[in-house]
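Residue numbers (our numbering), protein chains in the order written: chain A, 1 to 350; chain B, 351 to 700. C-beta: ideal position from N, C-alpha, C; glycine also. Here the structure is a predicted model, which means the values were calculated and not measured. Read through the structure below, which is laid out as structure tokens, and then see the notes.
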């Protein structure tokens, strides 16, 4: 039998869910007659309010603050949905704090992070999760670090896919090097020898790590990492188009392109198709992240799944342990997975 | 000259932004010497903390709660980014409350909406914005309505792209009928006479209104609305593929497909290409929403822009007026715009 929900109780008592909630929480006056009708039904069904309802009753905050840089980047909603699914089971509600700056001015973004860190700490959330922004920096400034360390002393702070050097804050992170090795090995095993790497930002640690994974794998197979095939500074579709336009103008072109995220891969794909190339026959393209769009494109993108949902779900588990004072590992690595679709294949024979 | 920010003050004082914030807000003890150094700099630059910082100082909540059904639907992040941009200027921070149910069980989603409504009201946010969920229903149940009305009596509640019948709550909404008329007229003017409409859910008011706009326009041009070309119940890429597979099996096929959102259009496009059709030469496809991916696909999707960013921005303006007790219109309609890209063209001559 399906267990009885607040909704069922409300329906049978012919009152709103808010009213049932008020009876449970005793937060606002409810007419005596109504209150008794609701209480009778609660007894009748031996109704157990779920974890979220319980946390409301107990008047703990049950609130988690999540600070992230840009909700329109499709990677973050995927992480959030995994986080939410697990957090909800454990009775938490989350608040999202988006630090994106309209001017893409980093300093402004970090100020906003600072403001949210303070607001959340003041609101007495049970814990804070940080994604992106300063924790993505290869070398964050001293003040940016100290501030997080300060808040981390007052309440649990968990980092997803990033780090604050020397802060000792627990992190759930994708194994970036391993992911880049997967992508590079896949291309090499298909027969590619001339491989470009495009996308990312040199000041971001994910770019540094993925590029290291690529370079290491190329070297292991004795393949040359060509400087003119290594193009950074961009994570957008438009930057992908620009990277590919540059590669296509070279006298000696690569036969495969490893893109440091899927948006860049979509731009690379568009530029390749526009130039009359067939993908993957004339050019193999592999992305990174596995955002939903990766399977919407024609051809569908081969990519490296960051397992964003699992990252989020694991983060919720770890943060719950931190909140309940259980021991957690300093870093929990999530292994990316290769997702082979249609945009990669053997290079054309010469 | 660029105005001085909290960040600049922190840098020059050689302290963290959190410390400057603490001095400004007086929320936590700061060493006397440090506090004086910060205060001197504040005086020196006649530093005006921005609106957000000011609201922190004044200890108003400055918080808005946004309740929405599924952050992984790319339409919502676009609305949020417009909302955030405007809200931030006015000194608000928003909290996002995602009600998505892992089981896509609507009743569960409405329970979560109820819980968030209560939590937000208790947290004394300055106002609440609702998107999706129950406010999308063509005929929401009595309890679902009453609950929102109740909360609406206690604090400002604004609806985006939806309604609560009889509640008298202000709304910012896309003119759905007009948007469907734009799409249908575009196809007819290209020369199409045989037009299918696919996607949406019959119990949702957006589907009802868009279908009405389509039907009305077809009738105005004396064109037949064929029952077997009217396929509902789905807003996903997969449902789009299924719709197109059904259309392709018909002895008499349409020459154009109007899709009730872009995800469905992407599915329709994939099925068409898989069946060997050229888009738009053999089949014109138009979407709805104008999510970012609409311009990433090959061919790029012609679609109806809901102007999600403007919807969000306008919502922030209206909610601010509600919070500051200014008069607002009951409904502010945002006119959608036709965005002609590559997936529509004249039908092939017979």
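Asked: Among B/365, B/450, B/695, nearest to residue 481 of chain B - alpha-carbon criterion; Found: B/450
Asked: DSSP-derived helix/strand/coil call for residue 507 of chain B; Found: strand
Asked: Proximal residues of chain B, C-beta to C-beta of residue 351 of chain A below 7 Å; Found: Because chain A spans 1 through 350 in this model, residue 351 of chain A falls outside it and cannot be assessed.
Asked: Within-8 Å CB hit, residue 778 of chain B to chain A; Found: The structure shown has nothing for residue 778 of chain B, since chain B only spans 351 to 700.
Asked: Below-8 Å beta-carbon distance, residue 160 of chain A vs any chain B residue; Found: no
Asked: Coil, strand or helix - residue 66 of chain A by DSSP; Found: strand
Asked: Residue from A/176, A/242, A/66 with nearest C-alpha to residue 156 of chain A; Found: A/66
Asked: Inside the segment 462–519 of chain B only - alpha helix (DSSP H) runs reaching at least 4 residues; Found: 492–504
Asked: Which listed residue (A/109, A/35, A/93) has its alpha carbon closest to that of residue 68 of chain A; Found: A/109
Asked: Reference residue 90 of chain A, options A/319, A/333, A/284, A/325, closest by Cα; Found: A/319
Asked: Test: residue 261 of chain A CB closer than 8 Å to a CB of chain B; Found: no
Asked: Residue-chain proximity (residue 18 of chain A, chain B), Cβ-Cβ < 8 Å; Found: yes
Asked: Inter-stretch contact at 8 Å, needing at least 3 Cβ pairs: the segment 515–530 of chain B / the segment 683–695 of chain B; Found: yes
Asked: Continuous alpha helix (DSSP H) assignments of at least 4 residues falling wholly in the segment 259–335 of chain A; Found: 262–274, 308–323
Asked: First through last residue of the beta strand (DSSP E) which encompasses residue 690 of chain B; Found: Note, residue 690 of chain B: premise wrong, no beta strand (DSSP E); not H, not E.
Asked: Residues from the segment 578–600 of chain B in contact with chain A, defined by Cβ distance under 7 Å; Found: 587
Asked: Backbone secondary structure at residue 541 of chain B - three-state DSSP; Found: coil
Asked: Rounded C-alpha distance that separates residue 407 of chain B from residue 368 of chain B; Found: The pLDDT assigned to residue 407 of chain B is 43, lower than 50, so where the model puts this residue is not dependable; a value taken from the coordinates is nonetheless given after this. Approximately 13 Å between the Cα atoms of the pair.
Asked: Coil, strand or helix - residue 175 of chain A by DSSP; Found: coil
Asked: Short-range partners of chain B found in the segment 80–97 of chain A, where Cβ spacing is below 9 Å; Found: 80, 81, 84, 85, 88, 93, 94, 95, 96, 97
Asked: Distance, residue 172 of chain A Cα to residue 200 of chain A Cα; Found: 21 Å
Asked: Residue 38 of chain A, DSSP secondary structure in three states; Found: helix
Asked: Closer than 8 Å to chain B by CB, residue 41 of chain A; Found: no
Asked: Where residue 54 of chain A sits in the DSSP three-state scheme; Found: Note that residue 54 of chain A scores a pLDDT of 47, beneath 50, so its modelled location is shaky; the value from the coordinates is reported in the next line. Helix at residue 54 of chain A.
Asked: Bridge partner(s) assigned by DSSP for residue 446 of chain B; Found: B/416
Asked: Contact with chain A by residue 693 of chain B, beta-carbon distance below 8 Å; Found: no
Asked: Element boundaries [alpha helix (DSSP H), containing residue 594 of chain B]; Found: 587–599
Asked: Three CB pairs or more closer than 8 Å across the segment 301–320 of chain A and the segment 640–653 of chain B; Found: no
Asked: Nearest neighbour of residue 697 of chain B, chosen from B/676, B/643, B/631, B/662 [CA to CA]; Found: B/631
Asked: Any non-hydrogen atom of the ligand ADP closer than 7 Å to residue 470 of chain B Cβ; Found: Ligands are entirely absent from the displayed structure, and the ligand ADP is therefore not among its contents.
Asked: Bridge partners - residue 230 of chain A, DSSP secondary structure assignment; Found: A/197
Asked: Cβ of residue 404 of chain B within 8 Å of any chain A Cβ; Found: In this prediction, residue 404 of chain B has a pLDDT of 47, which is less than 50 and means its spatial position is unreliable; what the coordinates show is noted afterwards. Output row for residue 404 of chain B: interface = no.
Asked: Pairwise C-alpha distance: residue 341 of chain A and residue 269 of chain A; Found: 14 Å
Asked: Contact under 8 Å by Cβ, residue 194 of chain A with residue 254 of chain A; Found: yes
Asked: Boundaries of the alpha helix (DSSP H) in which residue 77 of chain A is found, first to last residue; Found: 75–89
Asked: Between the CA atoms of residue 677 of chain B and residue 611 of chain B - distance to the nearest angstrom; Found: 34 Å
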